[in-house]
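Below, the structure written as structure tokens:
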């Protein structure tokens, strides 16, 4: 053997991969330049031109709210939308993406009002009798400027995220043309008679002083005051009930001042009981002290002498008694030891149990009847099917102003709302109890107002009607999602769309919507049940809001409450709004709108604005039907939003379209879950666990966020955090290295499949795997199964290519001669893999795929004769050859390869061998598929030799052959270490 120092260095004869594509991505620095290039070449418009005339795929973007920076939920949402459109375009369809923003509504009003307060400017009167139209217009102008600012901010952030859309022509609900369409859609309902003005209890925010839709409400766990109140029965067909007290239980003490009736369950069994207070005497006290203590205990509990006989549901007696004892335990009665309450069947009353239906005709009086006026009228006991024995006393107090069941039941009995609570949540000035004359008056949502020691409970206690009160009832309660303050049910005059009024075809809006829910495809399918249950149980749609920044309800109302239905008037209104925007609806234009056929003095202009959900529910009409975006058409194939939109945009769009067009504006709905922190907790600024996508892009790059978003199961709630992003970064590096290897291995390659000749069996197998991958990716894209799409792509690159195909063929790539059939076949397949993989990856890693493409085809970065520049994002789904392969054979070979690698590893660890090339392997003969030679096995296993044995295990030993100085293989034809094998000698010669 010659001395190592005299051995020739053969490195210059080895064909190593060559590329300028860097291993280190540098995405935060590189991506903005790529995005700028796309804008420069007009990539979105170029794609539209390339796909013109193809099968349409219509995605309609649900408008995010123009308020604040993009958050991680926005990022995931828009990445999914982008992925939908990119994959559909990749599949050869014409899939435009027109982005939009929701610009009207209370959050923006709040921000502008906040600025007014900072500048100490007086807030103008925006609603009601003192409304100043000039001030309203100025206020709206500020709202419009605020919204436009955040549209511009969010647009730049979404472009940085790599979202490819028609950013130069977005739709905004505050565009004049959009406002005109919204008005036109409202007037369609009016002309068809599918709009009415009525007084019903609706969700009302005393803080924001406006009605709210269900979608604007969120439920929070709170602890409330619960009270048991006695109503004395003054008249009944059951004589023994007269003088007894019907007991109600409520968690809203503030509704007692507007009580007008009680409700019983017709099938509920009630029991007449006597309350007995028992108190032990202190040691050494006189025999009478126990009685004295009992009387004092009763008085301290707020009970008069005659309030000892009560009526409650039999099933709830024990729970009721427990509440009384809990209340009594908190009262210190001098001379009493452990005073308690017991209840016994009413003394002297035979039976004493009654079906609820027997209570018909019974009247009670309000605990505050001594105030006279409203409180003097008897309160009837009414049958209510909604009354249960789940909690309370089985008797429910009715305030028709403040509950849906209350309203409907009282309405059936001819009892009307009294509108006692004002917009700000206080009782009106002239109200007989806790009105303006009472300094204790405050908002009904104030906890102090409802507390056991608050004014309502104090007055009830003084009246001898408060049996128990405690601030310990835990339950879920509605809050405004904007202000986070409690909301109430409040009866106010509002505009409604009826859910159950027969339409022209005899069906109702509810019927039509439910039928469409059954037709539409939902992904995941559980969304169908969610929105279906909401639509089945929802009340009439409340359209009106008592604010200023929104599309006006453009109706003229007569003194009798009816509204004008005149197509010519409506056409003039729509035309004016189209020209001037929402500000066209003002008193100066009243006569012009009404025209010569109507006297302006006979009509009032409605000053309410529309629910913003109606705005967004009409976007399908503006965006898909108006012709402003000629690439779009109605209806949409797909709507995509978070799962909260089953009660929001999905539902408002469904109802609006069903009411005006008889069907949903979409054929498919795709929903995603919410993004949680790394521990699965809801993100909150107060908890400090939010993830800012802008900072993530600055640290990792947009492609990392995209890879994360498309790797998680987005249909469920999912997580993000530093460690998760680091793991995504590792995945990204593996994908990037796959492309780097392909670019290097294909340096100078200009051939194609026609030049490859007869492909080796390994290459045929890889093509079969590629074809299988192609079919699965196509199916995943069509099904919007993006985490499967991404996982398949990553696994193929890591397991089938890097760890298998590339590993096996690197010897041929590096060391075979330029004319080698195997090497040429390998590079030919690598070329096909490159073209397929860069297309598959393009919708996911939008920046990296472009970088890869231009690294291989830099000429696409230059303008052609027509001035056009190329991009990977203009390409279509790859054409992959179909091949036949013995799948079972290759599964056996790969399994055997895994066993061989496992057997080699211990020798590598103890440094018996340094690499698998030094291993001589014996494999079980039975494990080798028929027709495979030992040389082929050695090539697959990357070992010195492979032979077959009769055992059932793999054995490994170190080869004693010499090592080729060029390819490093240990082969019999190498004379000494460092000399060349026959193959390398021929190549070098």
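Numbering (the working numbering), first residue to last: 270 to 1258.
Glycine included, C-beta positions come from ideal geometry on N, C-alpha and C.
Residue i to residue j span [Cα, whole Å]
i            : j            : result
residue 773  : residue 665  : 39 angstroms
residue 760  : residue 670  : 5 angstroms
residue 990  : residue 345  : 14 angstroms
residue 605  : residue 498  : The predicted position of residue 605 is uncertain, since its pLDDT is 48 and thus under 50; no value can be drawn from it.
residue 957  : residue 1189 : 58 angstroms
residue 615  : residue 512  : 12 angstroms
residue 505  : residue 725  : 28 angstroms
residue 329  : residue 426  : 20 angstroms
residue 1175 : residue 973  : 36 angstroms
residue 556  : residue 547  : Interpretation of residue 556 is limited by its pLDDT of 35, a score under 50 that renders its predicted location unreliable; the figure taken from the coordinates is listed afterwards. Using only the alpha carbons, I get a separation of about 14 angstroms.
residue 240  : residue 719  : Shown here, the chain extends from 270 to 1258; a query on residue 240 therefore has no answer.
residue 1075 : residue 1182 : 22 angstroms
residue 479  : residue 343  : 27 angstroms
residue 241  : residue 880  : Residue 241 is absent from the structure shown; the chain starts at 270 and stops at 1258.
residue 1006 : residue 1103 : 13 angstroms
residue 1101 : residue 423  : 39 angstroms
residue 1070 : residue 1169 : 19 angstroms
residue 798  : residue 888  : 25 angstroms
residue 928  : residue 783  : 12 angstroms
residue 651  : residue 531  : 6 angstroms
residue 785  : residue 847  : 31 angstroms
residue 1244 : residue 298  : 53 angstroms
Bridge-paired residues (DSSP) for residue i
i            : result
residue 664  : 533
residue 810  : 766
residue 1217 : 1192
residue 579  : 514 and 542
Member of the options whose CA lies at the smallest distance from the CA of residue i
i            : options                  : result
residue 293  : 1181, 854, 1117 and 1183 : 1117
residue 517  : 363, 738 and 543         : 738
residue 637  : 613, 733 and 678         : 733
residue 494  : 884, 785, 1065 and 717   : 717
residue 590  : 599, 583 and 611         : 611
residue 740  : 599, 824, 854 and 964    : 599
residue 831  : 279, 1199 and 466        : 466
residue 763  : 1247, 482 and 1095       : 482
residue 1105 : 304, 1034 and 1011       : 1011
residue 977  : 788, 1057 and 496        : 1057
residue 766  : 300, 799, 1013 and 457   : 457
residue 441  : 1258, 372, 1112 and 783  : 372
residue 1115 : 470, 946 and 975         : 975
residue 1050 : 1086, 992, 1112 and 855  : 1112
residue 1140 : 961, 473 and 1126        : 1126
Range of the contiguous alpha helix (DSSP H) that encloses residue i
i           : result
residue 920 : 918-930
residue 724 : 724-731
residue 648 : Residue 648 -> not in any alpha helix (DSSP H); beta strand (DSSP E) instead, spanning 648-652.
residue 969 : Where residue 969 is concerned, there is no enclosing alpha helix (DSSP H), given that its DSSP letter is neither H nor E.
Sub-9 angstroms separation of residue i and residue j beta-carbons
i            : j           : result
residue 585  : residue 510 : no
residue 915  : residue 984 : no
residue 689  : residue 527 : yes
residue 386  : residue 966 : no
residue 579  : residue 632 : no
residue 537  : residue 381 : no
residue 668  : residue 520 : no
residue 1142 : residue 307 : yes
residue 897  : residue 446 : yes
residue 836  : residue 460 : yes
residue 431  : residue 351 : yes
Closer than 8 angstroms: residue i CB and nearest the ligand PLP heavy atom
i           : result
residue 792 : Looking at this structure, you won't find the ligand PLP or any other ligand, since it has none at all.
N-terminal and C-terminal residue of the beta strand (DSSP E) that residue i is part of
i            : result
residue 473  : 465-474
residue 494  : 486-504
residue 739  : 735-749
residue 1226 : 1224-1227
residue 791  : 790-792
residue 910  : 905-911
residue 633  : 632-634
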